[in-house]
Amino acid sequence: MIPEEKVREIAERVSILEVVSDYVQLRRAGANYVGLCPFHGEKTPSFNVNPAREVFHCFGCGEGGNAFSFIMKMEGVGFPEAVKLLARKAGVEIEERQLTPAERHAQDERQQFQRINELAEEYFRTVLLKEPAGQVARNYLKDRAVDEALAADYRLGFAPDRWDGLAKHLKTRGADLETAQKLGILRKGDKGWHDLFRNRLIFPIRDHKGRVIAFAGRVLDTSLPKYINSPESPLYHKSAVMFGLDMALPAIRTENSVIIVEGYFDHLALYRAGIRNVVATCGTALTTIHAGLIKRHAARVYTLFDSDAAGLKATFRSMELFLDQRMPAYVITLPSGDDPDSFLAKNPVEAFTACRDKARPIFDHFVRSLLVRIPPDSVDNKVRVIDEVIPRFKKIADPVERDLYEKEICRLLGITVHAFRKRQGGMQVTARDMPAGGHPPAHRGDRSQDTLLALLIRYPEARGEIRAFGVDNLFEGPHRQVAEAVLALPDNGDDPGDVQSLLDRLEDPDQRRILSQVLVNDDHLADIDWRTVLANYKRNKEKRALHSIRDIAAQLAVLDPDSDAYRALLQQADALRTRKSKL
1 MIPEEKVREI AERVSILEVV SDYVQLRRAG ANYVGLCPFH GEKTPSFNVN
51 PAREVFHCFG CGEGGNAFSF IMKMEGVGFP EAVKLLARKA GVEIEERQLT
101 PAERHAQDER QQFQRINELA EEYFRTVLLK EPAGQVARNY LKDRAVDEAL
151 AADYRLGFAP DRWDGLAKHL KTRGADLETA QKLGILRKGD KGWHDLFRNR
201 LIFPIRDHKG RVIAFAGRVL DTSLPKYINS PESPLYHKSA VMFGLDMALP
251 AIRTENSVII VEGYFDHLAL YRAGIRNVVA TCGTALTTIH AGLIKRHAAR
301 VYTLFDSDAA GLKATFRSME LFLDQRMPAY VITLPSGDDP DSFLAKNPVE
351 AFTACRDKAR PIFDHFVRSL LVRIPPDSVD NKVRVIDEVI PRFKKIADPV
401 ERDLYEKEIC RLLGITVHAF RKRQGGMQVT ARDMPAGGHP PAHRGDRSQD
451 TLLALLIRYP EARGEIRAFG VDNLFEGPHR QVAEAVLALP DNGDDPGDVQ
501 SLLDRLEDPD QRRILSQVLV NDDHLADIDW RTVLANYKRN KEKRALHSIR
551 DIAAQLAVLD PDSDAYRALL QQADALRTRK SKL
């Protein structure tokens, strides 16, 4: 055990401010430093560090202590391991003293936990490789192109459809079942001990040193839940564990980057393709601890989450974490409907590498996705977009990056920098703060029309609905002519060749500019639901038509009903009502 005088020496040499700053972004607030607590989710900093007293405390969750207890909580280790970690940081060599009875018991119990997990892994592996009950899993892995060597790298196993197969195995190996229960892999009921995992493919979850700390079980059919994981235990804290980190560390150090995926099979697909700097979340949202862990090993991060609503939410939640960590983060976008497994089944690894190389900065991806969800076609919508962007924009630490993003946001919204900064300061923004007429200059194009045209080109299945609704009801000016030209093309499925050939056939320069701009700038639409976006456009058209009718009604109220102006406005209102009825 570590001598007490060495512990004191380490405590004197390390600064809690330096220790915590490796994990948490802090700013000075009087005598303390404050930041977002790494131990629970929060948006307003309640985590405090007092350098004079060498202590920390979170007023949100109540966690507190010194540098040693901080490391114990962050790294999921005991006191001796925390001391050793800080000793290395402080450059202190230590000679261990004898353990106390309580310390010896804690160490022995941890060793028992580790042995039980190893016995469980052995059981699951044996069933998969040798037992008749594992044949269904062997067939499943073969269908998913997972050979024996790949299965061995992941130490895959199979939990048979038995009530107490693992319980009996552990008992015959002399393991204490009460201790196994603390790991969550066994449960005790009225009928005795039974297994947590049954009839599931087993992925062992390992720490960064390759030690098994938990398990994930996947069904082999479509039943739910698809995955179940070991519960939290003395060995396993899911908010601090990245699946596959032990396998990825050599490549992460070489590439100086890491790719984060959601699923175990997403990880396996990339690993099989030779892309090794990959980790996965263990069925949980990315946490501050995860972000700090990644930052310690890599200079930049790529996210590759599903393209559905939940995946986008996870992407933008991770954006907040990496902005807090001041870590460059990018979003890899695959074609709609693809995940890493399906994409690599159809394409060479070079195609994935190309997608990675084209990855957008995560903040840029956020802004463009936001503009798809909230088209900036009115002052109200522009203000909504600004209000969504500003809290994230403020987290961008680099002043040059902030300045460039500010200009790009204003360009996309068609607003002045003054208007953006005015709103950032909490002031109201009105139409007077927008460029003349409330629209961006003509050469910048109509972002709403551009997005809708991009949908028409990227999603051929949307063409029938747009054609049925009426091009005139959705497009205006040169955008309408381009849309009509696209709809006139023969239906070649997803082949964009004919669309690209339009560039040679369009004579109008504005039409060519619009089409070329859309063709080179539609990656942000790869992961959206075109039906939802189209429905939003229809609703916005309806709102604008209704607003115009109200304006006309106000004018009619002060005009002579026998005047030509009254009759002209009445005809205009009737035309708008007819058009509105089609929306």
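The sequence shown begins at 1 in full-length UniProt numbering and counts up one residue at a time.
All residues carry an ideal CB built from backbone N, CA and C; glycine is no exception.
Computed from a predicted model, the values in this text were never measured in an experiment.
Distance between beta carbons of residue j and residue i, contact taken as under 8 Å
i, j, result
"S385", "L404", "Looking at the sequence provided, one finds Val at residue 385 rather than Ser. V385 to L404, Cβ: 18 Å. No contact."
"I415", "P38", "Contact doesn't hold; Cβ gap of about 36 Å is too wide."
"I482", "I514", "Note that residue 482 is Val in the sequence shown here, rather than Ile. Going by Cβ atoms, the distance from V482 to I514 rounds to 5 Å, so yes, they are a contact pair."
"R13", "A90", "4 Å"
"K358", "Q325", "Their Cβ separation, rounded to whole angstroms, is 24 Å, which puts K358 and Q325 out of contact at 8 Å."
"V367", "I409", "6 Å"
"A291", "V261", "Not a contact, Cβ separation roughly 15 Å."
"N66", "I16", "6 Å"
"F68", "V83", "6 Å"
"V400", "A454", "About 30 Å; that fails the 8 Å criterion."
CB contact flag (residue i, residue j, <8 Å)
i, j, result
"A273", "F203", "no"
"I259", "V241", "no"
"residue 584", "I116", "The shown model of the chain, from 1 to 583, leaves out residue 584, and the question about it has no answer."
"R356", "Y271", "no"
"L186", "A167", "yes"
"K395", "L323", "yes"
"I252", "A298", "yes"
"Y123", "H169", "yes"
"I275", "L304", "no"
"R211", "Q114", "yes"
Candidates the options, of which the one nearest residue i by Cα
i, options, result
"I71", "A454, K6, H57 and L86", "L86"
"R300", "I213, L177 and N256", "N256"
"S239", "L201, L286 and R373", "L286"
"I457", "E476, E320, N473 and L487", "L487"
"L506", "P478, F243 and T532", "P478"
"F393", "S378, D221, R125 and F420", "F420"
"R218", "N229, H208 and G210", "N229"
"E148", "Y236, T172, A133 and R125", "R125"
"R480", "D510, R423, Y459 and A354", "D510"
"S46", "F56, A52 and G60", "G60"
"K43", "G244, E401 and E320", "E320"
"H267", "H194, Q181, L150 and A354", "L150"
"A133", "I528, N381 and R162", "R162"
"R104", "L156, V24, T172 and I2", "I2"
"H365", "D398, F343, P348 and L412", "L412"
"S448", "V92, G425, C58 and N536", "N536"
"G192", "A137, D164, R200 and A175", "D164"
"V379", "Q428, Q424, L344 and R402", "Q428"
"D207", "R138, L128 and L293", "L293"
Straight-line gap, residue i to residue j (C-alpha atoms, nearest Å)
i, j, result
"A431", "P376", "13 Å"
"Q111", "P234", "11 Å"
"K188", "P340", "39 Å"
"F158", "G337", "29 Å"
"residue 584", "P160", "The first residue shown for the chain is 1 and the last is 583, placing residue 584 beyond what the model contains."
"I362", "H40", "23 Å"
"K346", "A180", "43 Å"
"H443", "I390", "Residue placement at H443 is flagged as unreliable, the pLDDT there being 37, under the threshold of 50; the coordinate-derived value follows with that caveat. Going from the Cα of H443 to the Cα of I390 covers about 26 Å."
"E461", "W530", "9 Å"
"L559", "H418", "Its pLDDT being 47, under 50, L559 is placed unreliably by the model, and nothing is read from it."
"R539", "D246", "50 Å"
"L474", "T284", "41 Å"
"R106", "D176", "For the sequence presented, residue 106 should be read as Ala rather than Arg. Each residue's Cα considered, the two are about 15 Å apart."
"G244", "P328", "21 Å"
"E388", "D308", "20 Å"
"A145", "A152", "14 Å"
"Y23", "I205", "23 Å"
"E18", "P348", "45 Å"
"R28", "P51", "11 Å"
"V7", "P80", "10 Å"
"Q571", "E476", "21 Å"
Close Cβ partners of residue i (< 8 Å) along its chain, the five nearest in sequence each way excluded
i, result
"E5", "none"
"T451", "L371, V372, P375, L525 and V533"
"V77", "I71 and L85"
"Y140", "L201 and L220"
"P250", "R276"
"V58", "The residue asked about is misnamed: residue 58 is Cys in this sequence, not Val. Same-chain partners within the cutoff: C37, F39, H40, S46, F47, N48 and G64."
"residue 637", "Past the edges of the chain, shown from 1 to 583, lies residue 637, and the structure says nothing about it."
Spatial neighbours of residue i in its chain, beta-carbon cut-off 7 Å, leaving aside the 5 residues before and after
i, result
"R463", "L456 and L487"
"L26", "V20, Y33, V34, G35 and V49"
"P440", "Low local confidence applies: a pLDDT of 40 at P440 is under 50, so the model's placement there is unreliable, with the coordinate-based value given in what follows. G414, listed in sequence order."
"R512", "L503 and L506"
"E406", "V417 and F420"
Cβ neighbours of residue i in the same chain (closer than 6 Å, five flanking residues each side left out)
i, result
"Y459", "W530"
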